[in-house]
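Trainee:
Right under this line is the structure:
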């Protein structure tokens with residue numbers, strides 16, 4: 036496990052622990068600002084809109100966007116899940132969250148034209164971390180990912196079982212269609228899942244429940260509780276046993292002012308105690324849309340592109 040922790044972190048932990056209790060429903064303090072001209076210009080036809088009819092068993096209609104860049108060779112596939120702010124706005128807004136609200140196109144354009152600057156991460160980056168990101172891009176240029184962004188529901192049942200139906204949708208309906216329409220790589224090692232806040236929680240539940248499908252599982256500021264450390268550790272241990280000797284890359288990302296930071300650290304501590312290999316990365320910034328558009332998008336995309344290509348991630 037590798038951990039990057041800012042020096043100011045220890046002074047904030049007590050206050051963050053109290054804040055996490057108040058934020059356990061993962062509510063945003065405000066609605067997202069409008070996408071603006073940059074986002075509008077960066078939403079071309081490269082994104083396909085996917086509609087799914089209701090499935091048997093009560094699952095309602097679903098929506099997703101699919102980014103399938105032109106490339107000389109098939110690309111890895113990432114399933115990226117949005118936060119609660121988009122979940123409460125419905126399937127169409129949710130599916131478009133990463134593209135429109137988090138401005139993912141701008142992030143992808145910058146990864147294709149390094150070096151990154153502090154402004155590309157909303158000034159929420161240390162010199163050391165920025166140097167690591169740019170060194171990785173300098174050694175191996177970013178080649179791209181196919182990215183599927185489905186609507187992520189705000190589930191009342193927060194258990195592993197509660198996320199099972201959504202997991203089945205992702206594995207049985209979204210992935211086959213995304214692979215067919217994008218021509219992406221289909222190997223487990225080239226398939227990842229990640230998400231922010233509510234989406235980060237779902238990414239852990241779905242990804243670790245289907246280790247035969249996902250070779251890389253990440254979570255950005257996941258909406259978790261310290262009391263759930265054993266649940267997530269047990270799920271990760273079972274996933275490791277299922278995959279036997281096949282690698283399962285697992286990473287947790289949080290930030291200095293993330294109210295879920297104490298809970299994320301508690302889960303990381305339990306994973307380490309139980310011998311589950313993983314990474315914990317802590318960067319500057321709050322739990323908000325600006326962070327999603329800065330460190331959140333950059334860290335998610337670059338980590339998955341590196342890991343799913345079999346490269347060392349920064």
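Numbering (the working numbering), first residue to last: 36 to 349. Where a beta carbon is used, it is the ideal one built from N, C-alpha and C, also for glycine. Since the structure is predicted, the reported quantities are computational estimates derived from the model, not experimental observations.
Quick check on residue 175: buried or exposed, where buried means 16 or more other Cβ atoms within 10 Å of its Cβ?
Mentor: Exposed, because fewer than 16 other Cβ atoms sit within 10 Å of the Cβ of residue 175.
Trainee: Could you tell me if residue 152 is buried or exposed, where buried requires 16 or more neighbouring beta carbons within 10 angstroms of its beta carbon?
Mentor: Residue 152 comes out exposed.
Trainee: Helix, strand or coil for residue 201, going by three-state DSSP, please let me know.
Mentor: Reduced to three states, the DSSP call for residue 201 is helix.
Trainee: Any idea if residue 170 is buried or exposed, counting beta-carbon neighbours within 10 angstroms, 16 or more meaning buried?
Mentor: Residue 170 should be labelled exposed.
Trainee: Along the chain, where does the beta strand (DSSP E) that runs through residue 229 open and close?
Mentor: 226–230 is the span of the beta strand (DSSP E), which, as asked, contains residue 229.
Trainee: With C-beta atoms as the reference, is residue 331 less than 8 angstroms away from residue 231?
Mentor: Going by C-beta atoms, residue 331 is nearer than 8 angstroms to residue 231.
Trainee: Mapping the DSSP letters down to three states, classify residue 98 as helix, strand or coil.
Mentor: Here residue 98 sits in strand by DSSP.
Trainee: Which residue's Cα is closest to the Cα of residue 225: 334, 105, 249 and 347?
Mentor: The shortest C-alpha separation from residue 225 is found at 249.
Trainee: Just to confirm my understanding: we take residue 403, look at its own chain, exclude 5 residues before and 5 after, and list those with CB closer than 6 angstroms. What are they?
Mentor: In the structure as shown, the chain starts at 36 and stops at 349, and residue 403 therefore has no counterpart that could be examined.
Trainee: Write down every uninterrupted run of the beta strand (DSSP E) in the region 108–163 whose length is 3 residues or greater and which is fully enclosed by it, in chain order.
Mentor: Whole beta strand (DSSP E) segments, 3+ residues: 112–116.
Trainee: Buried or exposed, going by whether 16 or more other CB atoms sit within 10 Å of the CB of residue 150?
Mentor: So residue 150 counts as exposed.
Trainee: Within its chain, find whatever has a CB closer than 7 angstroms to the CB of residue 189; leave out the 5 residues flanking it on each side and keep chain order.
Mentor: So the list reads 119, 122, 123 and 233, once near-sequence residues are dropped.
Trainee: Per DSSP, what kind of secondary structure is residue 242 in: helix, strand or coil?
Mentor: In the structure shown, residue 242 sits in a helix (DSSP, three-state: H, G or I).
Trainee: Please go through the same chain and pick out, in chain order, the residues whose beta-carbon is closer than 6 angstroms to the beta-carbon of residue 288, but skip the five residues on each side of it.
Mentor: Once the five neighbours on either side are set aside, the close Cβ partners of residue 288 are 255, 316 and 334.
Trainee: To the nearest angstrom, how far is the alpha carbon of residue 294 from that of residue 243?
Mentor: Computed Cα separation, rounded: 23 angstroms.
Trainee: Report all residues from its chain with a CB closer than 7 angstroms to the CB of residue 95; omit the five preceding and five following residues, and keep chain order.
Mentor: Closer than 7 angstroms at Cβ, skipping near neighbours: 89.
Trainee: Let me make sure I understand the geometry here. Which of 304, 296, 137 and 282 has the alpha-carbon closest to that of residue 344?
Mentor: Checked all of 304, 296, 137 and 282; the closest Cα to residue 344 is 282.
Trainee: Can you tell me whether DSSP reads residue 217 as helix, strand or coil?
Mentor: Helix, per DSSP.
Trainee: Note down the Cα distance separating residue 326 from residue 164, rounded to an integer number of angstroms.
Mentor: Going by the C-alpha atoms only, they are around 15 angstroms apart.
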